[in-house]
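When we follow the numbering used here, the leftmost residue of the sequence shown carries the number 58, and every step to the right adds one.
Quick reminder that beta carbons are idealized off the backbone N, C-alpha and C, glycines included.
Model, not experiment: these values are computed from the prediction.
Here is the structure we will look at.
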Amino acid sequence: MTDPVTMIHPDNAYTLVADVGGTNTRVALADGAALVPGTIRRYRNAEFPGIESVLAQFLDDEGGADPAAACIAVAGPVHNGVAELTNLDWSIDGGALARSTRSETVAILNDLQAQGHALPYLTPEAQREVVPAGVEDSRGTTRLVIGVGTGFNAALVLTDAGKTIVPPSEAGHASLLVRNESEYRLSRYIESAHGLPGIEDVLSGRGLERVYQWLGQEDGDFRQQTAAEIMAHCADGTDPRAEDTVRHFVRILGAVAGNLSLIQLPFGGVYLVGGVARAMTPYLQPFGFADAFRDKGRFAGFMKNFAVHVVEDDYAALTGCAAHIASVIAAKS
């Protein structure tokens, strides 16, 4: 990303796109499905009372830009045009989005929907294959996006007559998979502290911290670490518990991704997105992601149909928003 600079933009020439996460909001201008260079900005949500003030600040930072349309992606469910963020006390609706951006055409997507809409626009450099498919298959129009970051989610990506379709989902709140005795103890640990454990309670940044705490309780060592500290100590080898934490995380991620793949049959590939997913990339192969992904009994061989990639473009959701709103505008014209 180039450093943003304040420019004067012609009115109604571009669209506004935003990716609202649990911690930060990324905002940019777009020309069709392409982000306008130099306009990507990041804002800390804690410094703003709501999305309207974030977008107002962005438009001011961009010299009073007047976008033709706006599309935002949010980390939470969207129902009847209203978004409720899962890990942030914000509510967003189409009317507020239209007012804050002065746009007549607006759209609100779940963040994984935006990632799905971005897939056709990813460059080869923006994705890394971590589990190759063992067989060639021509049924590659169905793909699966799995997001691991502040939270967890997954979304099916379909292509029909050149149109990308991404149904919404809240997969992170499905019940946590338990495969063995240690995962049962982890599940009970989370349940005792946080209630019925969902996938997101382990496969997320805060989930990584909980796995570390659980392993410490097992050993009578009650030190706590942030997710960033756990990853740093795993990398430098100074904390065996951090390495064990990441190993547990990777294998649970592989098992969950494998289950979702059997449900959706993504012959076009599985795409891991999000900051935590990218941070795990160096450990997926050595810590057994592929083995856990394919460990499905008599369907183990069938799992070789599905390649797994890590998306390394941190702004893919913005591109997805741009592509989606461009298609909405085209359908109206």
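Measure from the alpha carbon of residue i to the alpha carbon of each residue in the options, then state which is nearest.
i: Ala-164; options: Gly-204, Gly-151, His-174 and Arg-156; result: Gly-151
i: Arg-159; options: Tyr-178, Ala-126, Glu-257 and Ala-373; result: Ala-126
i: Phe-209; options: Ala-132, Asp-278 and Arg-280; result: Ala-132
i: Glu-35; options: Ile-129, Val-333, Leu-272 and Glu-238; result: The chain is shown from 58 up to 390; residue 35 falls before or after that span and cannot be answered.
i: Pro-339; options: Arg-298, Gly-326 and Ala-289; result: Ala-289
i: Val-313; options: Phe-279, Thr-180, Asp-258 and Ala-299; result: Asp-258
i: His-230; options: Thr-143, Pro-124, Ala-91 and Gln-274; result: Thr-143
i: Val-223; options: Asp-301, Glu-286, Leu-176 and Ala-336; result: Leu-176
i: Tyr-372; options: Thr-80, Ala-85, Gly-358 and Arg-263; result: Ala-85
i: Ser-232; options: Gly-255, Ala-87 and Leu-179; result: Gly-255
i: Ala-153; options: Glu-109, Ile-129, Leu-166 and Gln-114; result: Glu-109
i: Cys-291; options: Leu-253, Gly-107, Glu-119 and Phe-344; result: Phe-344
Answer with buried or exposed for residue i, where buried requires no fewer than 16 other C-beta atoms within 10 angstroms of its C-beta.
i: Pro-323; result: buried
i: Gln-170; result: buried
i: Arg-101; result: exposed
i: Ala-374; result: buried
i: His-136; result: exposed
i: Asn-237; result: exposed
i: His-251; result: exposed
i: Pro-181; result: exposed
i: Asp-168; result: buried
i: Ala-387; result: exposed
i: Phe-346; result: buried
i: Ile-320; result: exposed
i: Leu-166; result: buried
i: Ser-195; result: With a pLDDT of 47 at Ser-195, under the threshold of 50, the modelled position of that residue is not reliable, and no figure is offered here.
i: Ser-157; result: buried
i: Gly-277; result: exposed
i: Thr-221; result: buried
i: Pro-94; result: exposed
Do residue j and residue i count as a contact pair if the criterion is CB distance below 7 Å?
i: Gln-184; j: Val-330; result: no
i: Gly-311; j: Phe-356; result: no
i: Lys-361; j: Gly-315; result: no
i: Val-367; j: Val-188; result: no
i: Gly-325; j: Arg-200; result: yes
i: Tyr-241; j: Trp-271; result: no
i: Val-202; j: Ile-129; result: no
i: Thr-207; j: Gly-264; result: no
i: Gly-204; j: Ala-383; result: no
i: Pro-134; j: Glu-227; result: yes
i: Gly-79; j: Leu-145; result: yes
Measuring only the C-alpha atoms, how far is residue i from residue j?
i: Arg-83; j: Leu-260; result: 23 Å
i: Ser-249; j: Arg-308; result: 23 Å
i: Leu-243; j: Ala-218; result: 45 Å
i: Gln-281; j: Tyr-269; result: 7 Å
i: Ala-190; j: Thr-216; result: 20 Å
i: Gly-294; j: Gly-273; result: 17 Å
i: Glu-186; j: Tyr-328; result: 9 Å
i: His-381; j: Thr-72; result: 11 Å
i: Ala-75; j: Leu-317; result: 27 Å
i: Leu-92; j: Pro-297; result: 42 Å
i: Ala-122; j: Ala-113; result: 10 Å
i: Asp-301; j: Gly-358; result: 28 Å
i: Ser-390; j: Thr-198; result: 27 Å
i: Ala-155; j: Ala-379; result: 16 Å
i: Phe-279; j: Asp-118; result: 45 Å
In the DSSP output, what is residue i paired with across the bridge?
i: Gln-184; result: Val-368
i: Tyr-328; result: Val-202 and His-366
i: His-174; result: Per DSSP, none; premise fails for His-174.
i: Ala-289; result: Partner(s): none; Ala-289 has no beta bridge.
i: Val-111; result: BP columns for Val-111 are empty, so no partner.
i: Lys-361; result: BP columns for Lys-361 are empty, so no partner.
i: Val-135; result: Ala-140
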